[in-house]
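Those protein sequence lines, which keep their order, are chains P and V.
Quick note on numbering: my numbering labels position 18 of the first sequence as 44, and the sequence is numbered without any gaps.
Quick note on numbering: my numbering labels position 394 of the second sequence as 412, and the sequence is numbered without any gaps.
Idealized CB from N, CA, C, for every residue including glycine.
Everything numeric in this text was worked out from a predicted model, so none of it was measured.
See below for the structure under consideration.
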Amino acid sequence: MSSQQVPSSLRDILADVLEISPEEVTPELGVGTIDNWDSFRHLQAILAVEGEYSVQFDPSRIPELTTVSLIQAELIAKGATL
Amino acid sequence: MQNDIERQDLRRRIKEAASAQDARTAVNLARRLLAVSSKPADIMFCASTFTGIADTLTSQLGAKRLKTYIVRSVTIEPILPFLTTEAVLSNYVLDMSVGGYGSYADELLNPQSALAKFKPDLVFILLDLEDIAGRLPALCADGIGDAVEAEIGESVARVEQLLRSFRSGSSARILFQGCVVPDQTSLGDVGEANLPHSLTNAVYQLNQRLAAVCRTISDCVFFDLDHLAARHGRANWRDARMFLASRLPLSSASFGIYAGGLVRSFSPLFRAPRKVLCTDLDNTLWGGVLGEEGPEGIATGSVFPGNCYLEYQRYLKQLSSRGILLAIVSKNNDADVREAFQIRAADLGLTLDDFVARKISWNEKAASIRELAEELSLGLDSFVFVDDNPVECEAIRQQLPEVAVVAAPVEEPWKLIELLSAQPFFDAAVVTDDDANRLNEYKAQAQRAALATSAGNRDEFLASLEIVCTFLSALDAPLTRSVQLLAKTNQFNLTTRRHSAAEVEAFDSSPGGQAVAVRVRDRFGDAGVVGLALARTEGNTCSIDSLLLSCRVIGRGIETALLAHLGENAVRAGATRLVGEFIPTKKNAPCADFYVDHGFVKDATSTDTSTDSIFYQLDLTTAAPESPRWLTLEGNESNEFSAGAVVAS
Numbered sequence: 027m028s029s030q031q032v033p034s035s036l037r038d039i040l041a042d043v044l045e046i047s048p049e050e051v052t053p054e055l056g057v058g059t060i061d062n063w064d065s066f067r068h069l070q071a072i073l074a075v076e077g078e079y080s081v082q083f084d085p086s087r088i089p090e091l092t093t094v095s096l097i098q099a100e101l102i103a104k105g106a107t108l
Numbered sequence: 019m020q021n022d023i024e025r026q027d028l029r030r031r032i033k034e035a036a037s038a039q040d041a042r043t044a045v046n047l048a049r050r051l052l053a054v055s056s057k058p059a060d061i062m063f064c065a066s067t068f069t070g071i072a073d074t075l076t077s078q079l080g081a082k083r084l085k086t087y088i089v090r091s092v093t094i095e096p097i098l099p100f101l102t103t104e105a106v107l108s109n110y111v112l113d114m115s116v117g118g119y120g121s122y123a124d125e126l127l128n129p130q131s132a133l134a135k136f137k138p139d140l141v142f143i144l145l146d147l148e149d150i151a152g153r154l155p156a157l158c159a160d161g162i163g164d165a166v167e168a169e170i171g172e173s174v175a176r177v178e179q180l181l182r183s184f185r186s187g188s189s190a191r192i193l194f195q196g197c198v199v200p201d202q203t204s205l206g207d208v209g210e211a212n213l214p215h216s217l218t219n220a221v222y223q224l225n226q227r228l229a230a231v232c233r234t235i236s237d238c239v240f241f242d243l244d245h246l247a248a249r250h251g252r253a254n255w256r257d258a259r260m261f262l263a264s265r266l267p268l269s270s271a272s273f274g275i276y277a278g279g280l281v282r283s284f285s286p287l288f289r290a291p292r293k294v295l296c297t298d299l300d301n302t303l304w305g306g307v308l309g310e311e312g313p314e315g316i317a318t319g320s321v322f323p324g325n326c327y328l329e330y331q332r333y334l335k336q337l338s339s340r341g342i343l344l345a346i347v348s349k350n351n352d353a354d355v356r357e358a359f360q361i362r363a364a365d366l367g368l369t370l371d372d373f374v375a376r377k378i379s380w381n382e383k384a385a386s387i388r389e390l391a392e393e394l395s396l397g398l399d400s401f402v403f404v405d406d407n408p409v410e411c412e413a414i415r416q417q418l419p420e421v422a423v424v425a426a427p428v429e430e431p432w433k434l435i436e437l438l439s440a441q442p443f444f445d446a447a448v449v450t451d452d453d454a455n456r457l458n459e460y461k462a463q464a465q466r467a468a469l470a471t472s473a474g475n476r477d478e479f480l481a482s483l484e485i486v487c488t489f490l491s492a493l494d495a496p497l498t499r500s501v502q503l504l505a506k507t508n509q510f511n512l513t514t515r516r517h518s519a520a521e522v523e524a525f526d527s528s529p530g531g532q533a534v535a536v537r538v539r540d541r542f543g544d545a546g547v548v549g550l551a552l553a554r555t556e557g558n559t560c561s562i563d564s565l566l567l568s569c570r571v572i573g574r575g576i577e578t579a580l581l582a583h584l585g586e587n588a589v590r591a592g593a594t595r596l597v598g599e600f601i602p603t604k605k606n607a608p609c610a611d612f613y614v615d616h617g618f619v620k621d622a623t624s625t626d627t628s629t630d631s632i633f634y635q636l637d638l639t640t641a642a643p644e645s646p647r648w649l650t651l652e653g654n655e656s657n658e659f660s661a662g663a664v665v666a667s
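Right, dumping it as structure tokens:
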């Protein structure tokens, strides 16, 4: 799958936080699939995503949102416009 | 959407500047990006860009690079990109290392800890109330809290021990963060405010005492986090969800403010504050244009909008009272300005005396500021320039980039103080007596320098200074000052003999002895006791043992007056010959020709070959030294008395 399947706003945020190029942000990308996405980076990514879309995730769900597609699905469930 | 296009464009250009290793452009563009966007992603973009050009930031912009260790008991990692970015915007590059959550005490106490091994330049100590005084919330719950005081005392003592222990093994600068007053407690706002031992009151007290401890540790600042939280809004400061889930002490909306506060707080540990504020007059110090509206027409005083300007004037006055020098840089007629300060004195928060200098002319302001820098012997990087005219502001930015420029908001004069206080350039963690006295010192220096350039020749200049020399006994200088002068004066010191207090007293009390000090003042200020001479008359010869003058006053004829004074006393004591002695040192070359310049003849016969002393003599009956006519002399009479006593003995 390619980065084209990730909405560009989400792709750009994650690229900034993870310090990678937007093209590398594919739906399967997640914690542990690249070195940069460790637990602290995960927290940063979640906070950045929350800020961008003005949503708040349930803290107990945060550790489970381990891939781009899971984050995307959670955003949609929260009613965010991607 | 427009905003998004601008963002993307700025980001592209920042990337280009970074890959071209153009640090200045990258930082300036980043400043613009962050002015239009507060998106966390943009901050992270800036942080990783800056990290990539850290060396270039240091080499091109002179950014101060600091090995920074973060001692913490809370989650700080998501805030680090904000800290990196804020630091670079203030011209610091932080190479950061973060300690463990639970190991903060060990890090500070153990000389083998990761902190000690890191050898930091700067240490942040960021602890939560839980860790500093974890029992307080329970002890304060009833608001009566018998044990609250004791708990605060113990907590402060524990922190003090941590800080002292760390300080004993490291000279790193320390920032210690205070606690935030909890926003929601079971007592509720009324109880918190009214009960003596509410948690709110306890945390206020705790913070004050922690700050007091920090004052006793060298190179340590207290970071008043509660103040920052209050300003930003307590309601949005924390995010209980993230604190409870991840020990993140702040809401993500507060990261930027927090990082900015940290940087501003530690900065005075590394940088001296700017020293001079140059203010424009029309539409800056007062409302309106003096040349058009006349002194009665300008806006200042207790009525709006004049009170906006009065507030600004008072703010300047406050800066001045802690040693920030004020100067007027204005295109105006000097006479008009003086008239305005006179006529509107009751409506102004400042008088002309509050300004160290005035540059009121039709010259370029950049030229005026350059002149001022020279007169005050201060670098341009010590200057702040405040002006409402965007053209003048831009001219200074371009011609004198070291000068910090604040554009006064003409349409919103009430905002000027806010703009000024948002800038860190006058921040200081300590203020000394010397700072507070700085105005007088520099005023005198600036006026002398101005006079030196305007006066036609040297004599005229010196005469215009209206120098008064007062001679007094070295014992009344007082004696401690005399001994200090002997001990510290190097340049204009003919023999550099470091006499003790007892030896000075011996000169004063022995028959034919002289121990004379000279105090100097001029129309600009009092320099205090700045010169000293010791001599002894035996038979027909008066030998000068010591003669010295502080280098601050050399070149104004005071040394000649001191010599003449010695000569007069010697004649009264029966001397016909004055003998001077010079012992060369590495530093006293400036006075090597002192005796020859005053008509003395080198005495080859009496040169003592076992020492470096060179002797000179002068016939007092034909060539007694005379004091320069531009000096006014005082205090000869007391020495007449002592000379009389000598004759009597």
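Option in the options with minimal Cα separation from residue i
i, options, result
"residue 54 of chain P", "P:87, P:89 and P:29", "P:29"
"residue 342 of chain V", "V:402, V:325 and V:378", "V:402"
"residue 426 of chain V", "V:135, V:416 and V:410", "V:410"
"residue 653 of chain V", "V:644, V:534, V:172 and V:290", "V:534"
"residue 583 of chain V", "V:603, V:539, V:629 and V:650", "V:650"
"residue 544 of chain V", "V:463, V:589, V:599 and V:507", "V:463"
"residue 600 of chain V", "V:161, V:513 and V:503", "V:513"
"residue 319 of chain V", "V:311, V:50 and V:331", "V:331"
For residue i: DSSP bridge partner residues
i, result
"residue 511 of chain V", "V:566"
"residue 494 of chain V", "Residue 494 of chain V pairs with nothing; no bridge assigned."
"residue 114 of chain V", "V:86"
"residue 553 of chain V", "V:532 and V:562"
"residue 143 of chain V", "V:89 and V:194"
"residue 295 of chain V", "V:344 and V:402"
"residue 276 of chain V", "According to DSSP, which records beta bridges pairwise, residue 276 of chain V is partnered with nothing at all."
"residue 90 of chain P", "The partner list for residue 90 of chain P (beta bridge, DSSP) is empty, contrary to what the question assumes."
Under 8 Å between C-beta atoms of residue i and residue j
i, j, result
"residue 114 of chain V", "residue 43 of chain P", "no"
"residue 91 of chain P", "residue 78 of chain P", "no"
"residue 387 of chain V", "residue 418 of chain V", "yes"
"residue 39 of chain V", "residue 71 of chain V", "yes"
"residue 45 of chain V", "residue 101 of chain V", "no"
"residue 334 of chain V", "residue 368 of chain V", "yes"
"residue 439 of chain V", "residue 293 of chain V", "no"
"residue 597 of chain V", "residue 560 of chain V", "yes"
"residue 52 of chain P", "residue 81 of chain P", "no"
"residue 480 of chain V", "residue 546 of chain V", "no"
"residue 264 of chain V", "residue 254 of chain V", "no"
"residue 231 of chain V", "residue 104 of chain V", "no"
Neighbouring residues, chain P, relative to residue i (Cβ below 8 Å)
i, result
"residue 259 of chain V", "82 and 85"
"residue 96 of chain V", "66, 69, 70 and 73"
"residue 290 of chain V", "Residues of chain P passing the Cβ test: none, with the nearest at roughly 36 Å."
"residue 37 of chain V", "Residues of chain P passing the Cβ test: none, with the nearest at roughly 14 Å."
7 Å CB neighbourhood of residue i in its chain, flanking five on each side removed
i, result
"residue 556 of chain V", "530"
"residue 326 of chain V", "431 and 432"
"residue 302 of chain V", "404, 405, 406 and 426"
"residue 227 of chain V", "170 and 174"
Same chain, Cβ closer than 6 Å to residue i, five either side skipped, listed in chain order
i, result
"residue 521 of chain V", "none"
"residue 490 of chain V", "535 and 653"
"residue 191 of chain V", "140, 237 and 287"
"residue 493 of chain V", "526"
Same chain, Cβ closer than 8 Å to residue i, neighbours up to 5 away in sequence not counted
i, result
"residue 617 of chain V", "636, 641 and 643"
"residue 602 of chain V", "610, 630 and 632"
"residue 661 of chain V", "Annotation note: pLDDT 40 at residue 661 of chain V (below 50); position unreliable, coordinate value reported separately. Correct list, in chain order: 587, 590 and 591."
Residues that residue i contacts on chain V, provided the C-beta gap is smaller than 7 Å
i, result
"residue 39 of chain P", "59"
"residue 43 of chain P", "59 and 62"
"residue 50 of chain P", "The contacting residues do not exist; residue 50 of chain P stays about 14 Å from chain V at best."
Interface partners of residue i on chain V, CB under 8 Å
i, result
"residue 60 of chain P", "By Cβ distance, chain V contributes nothing, its closest Cβ being about 15 Å from residue 60 of chain P, past 8 Å."
"residue 102 of chain P", "The contacting residues do not exist; residue 102 of chain P stays about 20 Å from chain V at best."
"residue 76 of chain P", "270"
Amino acids of chain P, ordered along the chain, whose beta-carbon sits closer than 7 Å to that of residue i
i, result
"residue 66 of chain V", "45"
Contacts of residue i in chain P (Cβ-Cβ under 9 Å)
i, result
"residue 183 of chain V", "Ordered by position in chain P, no residue passes the 9 Å Cβ test against residue 183 of chain V, which lies about 29 Å from the chain."
"residue 264 of chain V", "69, 85 and 88"
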